[in-house]
Amino acid sequence: MERIRTTMLRTLPALVLTATLVSLAMGAVAQEQSKPPQQEQQKSETRTFTGKIVKAGDMLVLAAPTEKKTYQLDDQEKAQEFINKNVKVTGILDMASGIIRVSAIEPA
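Residue numbers (my numbering): 1 to 108.
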């Protein structure tokens, strides 16, 4: 009986230490998960895109040859006066949809 008690007294500190470390690790994981992903942070940055406003079907888009991409524009009315012209579009790019939330369009 004494032998069992001695064994338990030796393992108890190790058990407490293990439980503490697991608790700390779980807290760190939970805190890491609460941070917004990198992509979410990038979505809110205002950028300037250069290219040409062109028609793509019934939509006006920005064709950006340097990036080899075409972006949809959320403000079709602002883009109307710049059809087939080189422009600078300032706005926020939604990475998931490829749509620029336009804040300004000006000639390039």
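For glycine and all other residues, C-beta sits at the position ideal for the given N, C-alpha and C.
(message) Does Ile-105 pass the burial test, meaning 16 or more other C-beta atoms within 10 Å, or should it be called exposed?
(response) It is buried - the Cβ of Ile-105 has at least 16 other Cβ atoms within 10 Å.
(request) Output the distance between the C-alpha atoms of Ala-56 and Gln-76, rounded to the nearest integer angstrom. (result) Rounded to the nearest angstrom, the two C-alpha atoms are 12 Å apart.
(request) Output the boundary residues of the beta strand (DSSP E) element that contains Lys-69. (result) Unbroken beta strand (DSSP E) run through Lys-69: 69-73.
(request) Tell me, please, which residues DSSP counts as bridged to Gly-91. (result) Bridge pairing for Gly-91: Arg-47, Val-102 [DSSP].
(request) Go through its chain and collect everything with a Cβ distance to Gln-42's Cβ below 7 Å, but skip five positions before and after it. (result) Any reading at Gln-42 needs caution, since the residue's pLDDT is 49, under 50, leaving its predicted position unreliable; the model's value is listed next. If we look at Gln-42 and ignore the five residues flanking it on each side, its Cβ neighbours are Met-95.
(request) Starting from Asn-86, follow its DSSP beta bridges and name the residues at the other end. (result) Asn-86 is bridged to Lys-52.
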